[in-house]
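Below is one structure, written out as structure tokens; comments come after it.
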Amino acid sequence: MKATGSQILFRALEEEGVDVIFGYPGGAVIGIYDELFRQKVRHILVRHEQGAIHAADGYARASGKVGVCLVTSGPGATNTVTGIANAYLDSIPVVIFTGQVSTNLIGSDAFQEVDITGITRPCTKHNFLVRNVADLKRIVHESFMIARSGRPGPVLVDLPKDVMQAETEDEEFPFNAAPPVERPLDQEVIAKAVEMIASARMPLIFSGGGVVYGNASEELRELAGVMGAPVTSSLMGLGAFPASDPLWLGMPGMHGTWAANTALVHCDLLLGIGVRFDDRVTSRVSAFAQNARIIHIDIDAASIDKIVRADLPIVAPSKNALSAIIAGLKATGYAPSDAVHDWRKQTILWKITHPLGYEKSGAIKPQYVVEKLYELSSGKAIVATEVGQNQMWGAQFYKYDEPNCFISSGGLGTMGFGFPAAIGAQAACPDRLVIDIAGDGSIQMNIQELGTAVQNKLPVKIAILNNSSLGMVRQWQEMFYQKRYSHTILDENPDFLKIAEAYGATGLRANKTSEVEEVIKKAFSTEGVVVMEFMVDPEESVYPFVKPGAPLCEMDLGPMADQAKKAA
Amino acid sequence: MESQKNVLSILVNNKLDVLARISGTFSARNVNIESISANTTMDPERTRIIITAMGDNAAMEKIVKQIARLVDVIEARNLAGIMAVTREMVLVRLDWSKRENRREIEMLAERKGWKILSADERNCILEITGENGLLMEEVMGLHRFGLEDFTRTGVVAIEKGL
Ligand SMILES: Cc1ncc(C[n+]2csc(CCOP(=O)(O)OP(=O)(O)O)c2C)c(N)n1
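Keeping their order, the protein sequence lines are chains X and Y.
Just so you know, we're using this note's numbering here: the first sequence kicks off at 151 and counts up by one.
Just so you know, we're using this note's numbering here: the second sequence kicks off at 4 and counts up by one.
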């Protein structure tokens with residue numbers, strides 16, 4: 151049967167099981183949108199293309215499926231670049247379809263022409279410019295396969311207007327777009343890992359996004375149980391291991407817990423799983439896990455030895471590697487030694503003597519708001535964050551017990567990510583409570599997406615921790631720049647409640663600590679999109695704090711220092 | 004760490020932008036490509052790209068891994084320290100107007116296995132192949148015959164069979 155490029159595109163998307171597209175129309179894709187008019191697939195119209203790519207990203211993080219966005223050529227395409235880089239750094243599978251001028255015009259600086267495959271080459275896993283309609287179906291399927299296989303990532307497909315209008319036979323697609331064959335696990339390496347674990351006295355598990363997105367949370371939980379070893383996770387890995395488990399030490403790194411950072415200093419075996427040893431975690435690399443032998447499991451060979459030298463690298467999907475190690479430990483009759491028991495008790499003691507905390511005073515404390523969000527949602531929400539202090543408090547004070555529930559821009563640190571990502575997560579999980587923990591700065595970077603959320607009935611609850619400043623930068627200025635608050639004070643913020651109302655959402659504000667609970671309860675019981683604004687203490691800083699480049703043992707505990715002293 | 008000469012041999016699918024992706028990997032790591040040569044292989048759908056670059060072991064290891072994970076790259080290896088033969092070619096233009104030089108150049112070419120590709124009243128063009136370092140010494144030695152210009156190919160390399 152003859153079909154146009156546009157029809158073939160939607161057929162291929164259907165075959166890939168795509169149920170939502172986040173997009174924005176324009177001249178180069180008007181034909182595709184005309185075909186979309188006749189199609190069943192859900193399309194969510196955003197208000198800015200950055201919103202589309204972040205929503206596709208959030209959808210992917212919450213659902214584990216590939217997120218899809220569709221935008222026009224030129225400015226539509228360039229508006230997605232930040233979001234593409236964001237997905238690339240966090241290894242999130244998304245496919246971006248961009249319109250392009252007709253093939254005969256490519257290279258002529260035509261109206262709304264940009265070389266988007268050139269622009270995105272360093273921040274996509276791969277990209278394609280479709281030059282011939284006969285290649286379209288294959289390329290669409292390949293793009294999904296590439297996005298989701300191996301180390302996932304964004305794939306961009308550039309669609310010239312004439313290619314999408316051209317007709318061809320829509321034949322059955324020969325599925326030669328099979329994922330690359332996985333190399334079988336090296337049993338010798340697994341045996342070596344088992345041996346290293348068995349001889350360790352102070353083992354520590356450090357898991358990351360590769361466990362969440364590699365679908366290996368169950369294996370991680372089982373392994374920790376078998377090893378009797380404490381667990382810490384990077385920001386990207388939160389939720390893969392339950393924060394309510396006694397073996398959980400919290401997040402390590404610059405704003406990590408005392409227990410996690412201290413365990414990293416002392417452990418004699420570090421089992422890194424699907425982590426890339428970001429500098430926000432390692433701080434001074436030469437002092438990182440100095441006493442430990444390191445086993446590093448990663449699906450991407452390029453991650454191994456990139457920052458930290460691994461004594462035993464295992465290049466494999468985390469799920470397979472963990473299953474094999476568990477089987478190996480069981481087969482050799484492994485049971486945690488007395489030394490391991492003592493070590494675990496020691497780490498629990500660190501947790502008790504040095505918990506995360508904050509000083510309670512008159513003003514609303516942002517940490518308190520996050521604690522209340524946790525309590526009143528029974529820990530069952532999907533939480534997206536913006537970037538800055540709000541992100542760190544969202545990571546520290548909401549306890550994540552399940553994977554795919556904490557959605558945050560780890561690698562790129564993109565302000566304005568959280569809200570559209572929450573919209574995407576809500577589209578993926580319509581029955582879940584989805585919260586965006588925001589700062590008053592970040593929320594203004596994509597606040598126009600209130601229109602998207604309201605129109606598409608995606609009842610995201612936004613919690614703005616309003617400190618009238620770009621808090622995280624302000625905190626650094628306080629600590630390192632003698633309180634010269636250069637352009638970080640937002641004392642002319644708009645009235646967020648009026649903005650919410652203008653978009654047809656509900657706005658609620660808490661000025662005092664005593665009002666926090668009521669506002670949250672009301673927000674959770676209100677149908678539709680809600681903007682909560684908490685007027686928090688503008689002077690509050692994130693602790694613990696390890697200065698960039700300092701060893702992890704040099705933690706500034708801030709107001710928790712006194713408490714810790716007493717406990718000790 | 005010490006910088007050393009590396010010869011990367013990269014087998015790729017013969018696609019439009021694969022070279023741009025590979026060269027981007029070098030610039031992103033702040034490593035300069037010294038020479039590059041690329042052409043199709045026995046399988047016309049595939050191209051072999053040989054790149055030489057200076058860099059320390061750690062940097063090169065990262066670059067090779069990052070290139071290897073590109074979608075259209077089939078294989079990437081660093082031939083430094085592997086049994087391989089490398090060659091590079093130079094085309095040289097010399098002054099051919101002085102009769103006394105002609106005889107000497109012809110004898111030199113004969114002895115060294117160079118080829119005189121063209122010669123007219125004013126200049127001649129020589130083809131010289133050899134191993135990278137030595138080759139340039141030879142070329143520089145031609146100054147005494149009025150070396151006017153030269154152009155070099157990238158390095159080509161092939162591993163010795165087993
Ligand atoms: C797009 C972008 N621009 C700038 C920054 C640098 N930056 C990091 S945190 C931050 C402040 C964020 O302020 P706000 O959203 O109010 O959050 P807070 O830290 O106060 O919780 C800034 C400007 C960034 N991460 N992203």
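The C-beta atom is built at its ideal place from N, Cα and C for all residues, glycine as well.
Quiz item: Shortest alpha-carbon distance to X:Trp-500 belongs to which of X:Pro-486, X:Phe-567 and X:Val-415?
Solution: The count along the first sequence starts at 1 and reaches residue 500 of chain X at position 350. The candidate whose alpha carbon is nearest that of X:Trp-500 is X:Val-415.
Self-check item: Where X:Leu-385 falls: helix, strand or coil (DSSP)
Solution: The residue you call residue 385 of chain X lines up with position 235 of the first sequence. Annotated three-state conformation of X:Leu-385 is helix, per DSSP.
Quiz prompt | Members of the segment 283-304 of chain X near chain Y, C-beta cut-off 7 Å | solution = Listed in sequence order: Ile-296.
Practice problem: Identify whether X:Glu-369 lies in helix, strand or coil by the three-state DSSP scheme. | Solution: As a working note, residue 369 of chain X is residue 219 in the first sequence. The three-state secondary structure of X:Glu-369, taken from DSSP, is helix.
Exercise. List the residues of chain X that Y:Asp-46 touches, going by C-beta distances under 9 Å, in chain order.
Key: Along the second sequence, one-based indexing puts residue 46 of chain Y at 43. Under the 9 Å cutoff, chain X gives no residues; its nearest Cβ is about 17 Å from Y:Asp-46.
Self-check item: Run of the alpha helix (DSSP H) containing X:Asp-207, from where it starts to where it stops
Solution: Taking the first sequence and counting its residues from 1, the one referred to as residue 207 of chain X is at position 57. Membership of X:Asp-207 in the alpha helix (DSSP H) is indicated by the continuous run 199-213.
Quiz item: Along the chain, where does the beta strand (DSSP E) that runs through Y:Thr-132 open and close?
Solution: Taking the second sequence and counting its residues from 1, one reaches residue 132 of chain Y at position 129. Boundaries of the beta strand (DSSP E) around Y:Thr-132: 126-133.
Quiz item: Quick one: is X:Gln-594 buried, meaning 16 or more other Cβ sit within 10 Å of its Cβ, or exposed?
Solution: In the first sequence, the residue the question calls residue 594 of chain X occupies position 444. It is buried - the Cβ of X:Gln-594 has at least 16 other Cβ atoms within 10 Å.
Quiz item: Going by other Cβ atoms of all chains shown within 10 Å of its Cβ, with 16 needed for buried, is X:Lys-530 buried or exposed?
Solution: Here the question's residue 530 of chain X lines up with position 380 in the first sequence. Exposed, by the Cβ-count rule.
Exercise. Would you check if the distance between the CB atom of X:Glu-536 and the CB atom of X:Ser-487 is smaller than 9 Å?
Key: By one-based count along the first sequence, residue 536 of chain X stands at place 386. By one-based count along the first sequence, residue 487 of chain X stands at place 337. For X:Glu-536 and X:Ser-487, no; Cβs fall outside 9 Å.
Exercise. Give the range of the alpha helix (DSSP H) segment to which X:Leu-499 is assigned.
Key: Along the first sequence, read from residue 1 onward, the residue named residue 499 of chain X stands at position 349. Run containing X:Leu-499: 488-503, per the alpha helix (DSSP H) assignment.
Practice problem: Could you name the residues of chain Y that X:Ala-235 contacts, counting a contact when the two beta carbons are closer than 9 Å? | Solution: As a working mapping, residue 235 of chain X is identified with position 85 in the first sequence. Near X:Ala-235 there are no residues of chain Y at all, since even the closest Cβ is about 13 Å away, more than 9 Å.
Exercise. Might you give, ordered along the chain, the residues of its own chain that have their beta carbon closer than 8 Å to the beta carbon of X:Ile-454, omitting 5 neighbours on each side?
Key: The residue labelled residue 454 of chain X in the question sits at position 304 within the first sequence. If we look at X:Ile-454 and ignore the five residues flanking it on each side, its Cβ neighbours are His-446, Asp-448, Ala-460, Pro-463 and Val-465.
Quiz item: Given Y:Ser-38, which residues of its chain have a CB within under 6 Å of its CB, disregarding the five upstream and five downstream residues?
Solution: Walking along the second sequence from the start, residue 38 of chain Y turns up at place 35. Setting aside the 5 residues that flank it on each side, Y:Ser-38 is surrounded in the same chain by Thr-55, Gly-157 and Val-158, each with a C-beta closer than 6 Å to its C-beta; the list follows chain order.
Self-check item: Ordered list of beta strand (DSSP E) runs contained in the segment 389-424 of chain X, each at least 3 residues
Solution: Qualifying beta strand (DSSP E) stretches, in chain order: 419-423.
Exercise. Starting from the beta carbon of X:Ala-452, find every residue of chain Y whose beta carbon is closer than 8 Å, and list them in chain order.
Key: Taking the first sequence and counting its residues from 1, one reaches residue 452 of chain X at position 302. Those are Lys-65, Lys-68, Gln-69, Ala-71 and Arg-72, listed as they occur along chain Y.
Practice problem: Scan the segment 8-28 of chain Y for residues whose Cβ lies nearer than 9 Å to a Cβ of chain X and list them as they occur along the chain. | Solution: Going along the segment 8-28 of chain Y in chain order, one finds Leu-19, Asp-20, Ala-23, Arg-24, Gly-27 and Thr-28 with a Cβ nearer than 9 Å to chain X.
Self-check item: Beta-carbon gap between X:Ile-585 and X:Gly-201 smaller than 9 Å
Solution: As a working note, residue 585 of chain X is residue 435 in the first sequence. As a working note, residue 201 of chain X is residue 51 in the first sequence. No, they are not a contact pair.
Practice problem: Using a threshold of 9 Å, state whether the C-beta atoms of X:Arg-719 and X:Ala-577 are closer than that. | Solution: There is simply no residue 719 of chain X to check, as chain X begins at 151 and stops at 718 in what is shown.
Quiz item: Is it right to say X:Ser-619 is buried, meaning 16 or more other beta carbons lie within 10 angstroms of its own, or is it exposed?
Solution: For this step, residue 619 of chain X is matched to residue 469 along the first sequence. X:Ser-619 comes out buried.
Quiz item: Under 9 Å between C-beta atoms, does Y:Ala-112 make it to chain X?
Solution: Here residue 112 of chain Y is taken as the residue at index 109 of the second sequence, counted from 1. With 9 Å as the cut-off, Y:Ala-112 does not count as an interface residue toward chain X.
Quiz item: Just how far apart, CA to CA, sit X:Val-680 and X:Lys-633?
Solution: The residue you call residue 680 of chain X lines up with position 530 of the first sequence. The residue you call residue 633 of chain X lines up with position 483 of the first sequence. About 35 Å.
Quiz item: Do X:Leu-658 and X:Lys-672 have their C-beta atoms closer together than 9 Å?
Solution: Your numbering for residue 658 of chain X matches position 508 in the first sequence. Your numbering for residue 672 of chain X matches position 522 in the first sequence. X:Lys-672 sits close to X:Leu-658, with the two beta carbons spaced by under 9 Å.
Practice problem: Just confirm the distance between the C-beta atoms of X:Asp-706 and X:Phe-695, as a whole number of angstroms; I'd bet it's less than 8 Å. | Solution: In the first sequence, residue 706 of chain X corresponds to position 556, counting from 1. In the first sequence, residue 695 of chain X corresponds to position 545, counting from 1. About 4 Å separates the two Cβ atoms, so the contact holds.
Quiz prompt | Straight-line Cα distance separating X:Glu-368 from X:Leu-600 | solution = For this step, residue 600 of chain X is matched to residue 450 along the first sequence. For this step, residue 368 of chain X is matched to residue 218 along the first sequence. C-alpha separation (whole angstroms): 36 Å.
Quiz item: Since X:Phe-684 and X:Asn-616 are thought to touch, with beta carbons under 8 Å apart, how far apart are those beta carbons, to the nearest angstrom?
Solution: Counting from 1 along the first sequence, the entry for residue 684 of chain X is found at position 534. Counting from 1 along the first sequence, the entry for residue 616 of chain X is found at position 466. Right, their Cβ atoms sit about 6 Å apart.
Quiz prompt | Identity of the residue in Y:Gly-149, Y:Glu-78, Y:Thr-132 and Y:Gln-69 nearest Y:Lys-115 by Cα | solution = Taking the second sequence and counting its residues from 1, the one referred to as residue 115 of chain Y is at position 112. Y:Lys-115 has its Cα closest to that of Y:Thr-132, out of Y:Gly-149, Y:Glu-78, Y:Thr-132 and Y:Gln-69.
Quiz item: Who are the neighbours of Y:Ala-31 on chain X, taking C-beta pairs under 7 Å?
Solution: The residue given as residue 31 of chain Y occupies position 28 in the second sequence. Chain X residues near Y:Ala-31: Pro-272.
Quiz item: For X:Thr-267, which residues in chain Y fall below 8 Å Cβ to Cβ?
Solution: Sequence index remark: in the first sequence, residue 267 of chain X carries index 117 (1-based). Within 8 Å Cβ-Cβ: Asp-20.
Quiz item: Can you give the beta carbon distance from X:His-504 to X:Met-710, rounded, assuming they're within the 8 Å contact cut?
Solution: As a working note, residue 504 of chain X is residue 354 in the first sequence. As a working note, residue 710 of chain X is residue 560 in the first sequence. Indeed they touch by this definition, with Cβ atoms about 7 Å apart.
Quiz item: Roughly how many angstroms separate the alpha carbons of X:Ile-587 and X:Ile-476, rounded to a whole number?
Solution: As a first step, residue 587 of chain X must be located in the first sequence, where it is residue number 437. As a first step, residue 476 of chain X must be located in the first sequence, where it is residue number 326. Cα-Cα distance, rounded: 37 Å.
Quiz item: DSSP on X:Ser-558, reduced to helix/strand/coil?
Solution: Translated into positions along the first sequence, residue 558 of chain X becomes position 408. Assigned with DSSP and collapsed to three states, X:Ser-558 falls in coil, not helix or strand.
Self-check item: Three-way DSSP call (helix, strand, coil) for Y:Asn-104 in this model
Solution: Start at 1 with the first residue of the second sequence, and residue 104 of chain Y comes out as number 101. Helix, per DSSP.
Quiz item: Sorry if obvious, but does the Cβ on X:Arg-443 come closer than 8 Å to a heavy atom of ligand 1?
Solution: On the first sequence, position 293 is the one that residue 443 of chain X refers to. No; taking the cut-off as 8 Å, the Cβ of X:Arg-443 has no heavy atom of ligand 1 nearer than that.
Quiz item: List, in order along the chain, the chain Y residues whose C-beta lies closer than 8 Å to that of X:Lys-456?
Solution: In the first sequence, the residue the question calls residue 456 of chain X occupies position 306. Think of a sphere of 8 Å around the beta carbon of X:Lys-456: the chain Y residues whose beta carbon falls inside it are Lys-65, in chain order.
Quiz item: Tell me which same chain residues have a C-beta within less than 6 Å of the C-beta of X:Pro-609, skipping the five on either side of it?
Solution: The residue labelled residue 609 of chain X in the question sits at position 459 within the first sequence. Cβ-Cβ distances below 6 Å link X:Pro-609 to Gly-678 and Val-679 in the same chain, with the five nearest sequence neighbours on each side left out; the list follows chain order.
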